[in-house]
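Counted the way the working numbering counts, the sequence shown spans residues 2 to 287.
Built from N, CA and C at the ideal position, the CB exists for glycine as well.
Remember, predicted model here, so these are calculated numbers, not experimental data.
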Amino acid sequence: MSVKVLDRRASEVLFNFETEKRLEQLGEEKSFEYQTADPFPHIIIDNFLPVEPLESALRDFPTPRGMRWIDYDGEHERKLEYNSAEHLPISLRSVLYFLNSPILLSFLETLTGIRGLISDPYFIGGGLHQSQRDGFLNIHADFNRLPKLNLDRRLNLIIYMNKDWREEYGGHLELWDSKMKECVKKVLPVFNRCVIFSTTDISFHGHPIPLNCPEDQTRKSIATYYYTNGRPAEEVTNNHSTLFQKTPGAPPPSRRFTRKAKKIALSLTPPILLDAYYKLREPNNK
2 MSVKVLDRRA SEVLFNFETE KRLEQLGEEK SFEYQTADPF PHIIIDNFLP
52 VEPLESALRD FPTPRGMRWI DYDGEHERKL EYNSAEHLPI SLRSVLYFLN
102 SPILLSFLET LTGIRGLISD PYFIGGGLHQ SQRDGFLNIH ADFNRLPKLN
152 LDRRLNLIIY MNKDWREEYG GHLELWDSKM KECVKKVLPV FNRCVIFSTT
202 DISFHGHPIP LNCPEDQTRK SIATYYYTNG RPAEEVTNNH STLFQKTPGA
252 PPPSRRFTRK AKKIALSLTP PILLDAYYKL REPNNK
């Protein structure tokens with residue numbers, strides 16, 4: 002069976018009545034759990050999407066060198082991002098478009114109790130995310146307004162795309178209390194695990210410990226964000242970008258050797274030393 006036929010079937014599995022009814026029921030069943038969760042409203046749902054479309058999306062998930070990613074490589078984060086859905090294979094586009102669909106919006110409104118949700122057709126800050134070994138994302142609260150659409154950010158949805166991901170690889174999503182005193186929950190980023198949470202100035206989250214996965218593996222996820230025209234009065238603050246926090250026990254920035262710094266260092270290293278470096282990295286020398 003051709004890849005095109007498989008992609009079409011996977012898309013049909015997402016956009017059908019059975020999926021809509023399943024999500025409707027799931028939203029009703031999980032709404033109390035979501036709205037009363039600690040440290041802020043959230044839910045963790047395994048096997049969130051039908052397996053077929055997500056398998057197709059994983060098959061086509063681009064490698065770090067497979068496209069022109071947005072490369073964040075600094076003090077607070079080291080990750081790759083790609084949000085131009087129209088340039089992705091149909092398998093990935095189908096998942097992203099489904100996450101912006103009325104079916105999904107209706108589910109989210111039932112789950113969270115937040116009415117009038119609006120999806121972001123531009124996937125600003127979202128889309129595909131990928132982190133290589135030593136990648137990290139410091140604990141933070143997200144930007145609270147989307148200037149392009151003049152809307153308030155209310156929800157994050159993340160679907161993890163990592164098969165055979167082990168505890169020792171790290172990359173757990175951490176949810177912290179409002180005073181930044183302790184991590185209340187850790188979530189292993191395994192395949193088809195979905196995390197949904199409300200975004201406010203105190204919904205602190207991230208994965209601050211550098212990844213310990215093998216060099217040929219990456220931490221992959223699909224992220225979409227949701228907005229409303231206004232928000233509850235008690236949540237209204239001045240517009241702000243990402244609010245990064247200091248995490249107790251996290252390694253200081255000086256210990257993080259960025260990829261850009263590594264490239265510069267290698268470019269200044271004499272060829273004879275570079276040859277010795279690459280020979281030491283060959284499989285037989287490990």
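Selected residue, minimal CA-CA separation from residue i, among the options
i      : options                        : result
Asn239 : Arg220, Lys221, Asp202, Tyr228 : Asp202
Gln246 : Glu175, Ala142, Lys164, Lys187 : Ala142
Tyr161 : Glu19, Asn48, Arg155           : Asn48
Cys195 : Phe205, Trp177, Ser222, Asp178 : Ser222
Thr219 : Tyr226, Leu244, Ser32, Phe192  : Phe192
Phe295 : Thr225, Val237, Ala234, His241 : Shown here, the chain extends from 2 to 287; a query on residue 295 therefore has no answer.
Pro46  : Thr37, Asp178, Gly136, Phe198  : The residue you asked about is not Pro; residue 46 is Ile in the sequence shown. Here the closest residue by C-alpha is Phe198.
Ser132 : Glu78, Phe41, Asn157, Thr248   : Glu78
Leu244 : Glu236, Ala234, Phe205, Val237 : Phe205
His130 : Ser179, Ala86, Val237, Asn230  : Ala86
Ala50  : Thr20, Met68, Asp178           : Position check: residue 50 holds Leu in this sequence, whereas Ala was assumed. Per the Cα distances, Thr20.
Gln36  : Met68, Phe144, Thr200          : Thr200
Leu156 : Trp177, Asp178, Gly127, Ser179 : Gly127
Ser107 : Val237, Glu216, Ser32, Asp72   : Ser32
Rounded separation between residue i and residue j - CA only
i      : j      : result
Asn17  : Phe62  : 24 angstroms
Gly117 : Asn84  : 24 angstroms
Asn139 : Leu15  : 33 angstroms
Lys80  : Thr64  : 13 angstroms
Gly172 : Leu189 : 7 angstroms
Asn213 : Asp39  : 28 angstroms
Lys149 : Glu53  : 34 angstroms
Arg146 : Tyr228 : 9 angstroms
Pro209 : Trp70  : 21 angstroms
Ser12  : Val96  : 8 angstroms
Asp74  : Arg134 : 13 angstroms
Arg256 : Ile104 : No answer about Arg256 holds up, because its pLDDT of 47 lies below 50 and its placement is not dependable.
Arg282 : Asn101 : Because Arg282 sits at a pLDDT of 44, beneath the cut-off of 50, its placement in the model cannot be relied upon, and the following sentence gives the value as read from the coordinates. Answer to the nearest angstrom: the Cα atoms are 44 angstroms apart.
Arg232 : Pro249 : 31 angstroms
Glu175 : Glu169 : 15 angstroms
Lys187 : Phe137 : 14 angstroms
Ile44  : Glu82  : 24 angstroms
Asp153 : Gly207 : 21 angstroms
Ile125 : Asn151 : 13 angstroms
Phe144 : Ser179 : 16 angstroms
His88  : Ile159 : 20 angstroms
His241 : Gly67  : 33 angstroms
Trp177 : Pro42  : 12 angstroms
Asn230 : Glu216 : 43 angstroms
Glu236 : Glu34  : 21 angstroms
Asp72  : Pro211 : 16 angstroms
Range of the contiguous beta strand (DSSP E) that encloses residue i
i      : result
Ile91  : No beta strand (DSSP E) contains Ile91, which is instead part of the alpha helix (DSSP H) from 91-100.
Ser107 : Note, Ser107: premise wrong, no beta strand (DSSP E); alpha helix (DSSP H) at 103-113.
Asn139 : 137-142
Tyr73  : 71-74
Arg116 : Segment: none, Arg116 is in no beta strand (DSSP E) and carries neither H nor E.
Glu82  : 78-83
Proximity test, residue i beta-carbon vs the ligand ZN heavy atom, cut-off 7 angstroms
i      : result
Thr225 : As presented, the structure is devoid of all ligands, the ligand ZN included, so that no description of it is given.
>> If contact is defined by three or more beta carbon pairs under 8 angstroms, each pair taking one atom from either stretch, is the stretch 56-71 in contact with the stretch 90-104?
In response: yes
>> Does the structure place the stretch 20-34 close enough to the stretch 104-115 that three or more beta carbon pairs sit under 8 angstroms?
In response: yes
>> Below 8 angstroms, how does it come out for the stretch 26-36 and the stretch 158-167: are there three or more Cβ pairs, yes or no?
In response: no
>> Using 8 angstroms as the cut-off, can you tell me whether the stretch 181-197 makes contact with the stretch 120-131, which would need three or more C-beta pairs spanning the two stretches below that distance?
In response: no
> Considering only residues of the stretch 8-63, which uninterrupted beta strand (DSSP E) runs meet the minimum length of 3 residues and lie entirely inside it, listed in chain order?
Replying inline: 43-46
>> If we require 4 or more residues per run, which alpha helix (DSSP H) segments fall completely within the stretch 171-233?
In response: none
>> Give the list of continuous beta strand (DSSP E) stretches no shorter than 3 residues that lie fully inside the stretch 119-168.
In response: Considered as a whole, the stretch 119-168 harbours 128-132, 137-142, 152-161 as its complete beta strand (DSSP E) runs of no fewer than 3 residues, in chain order.
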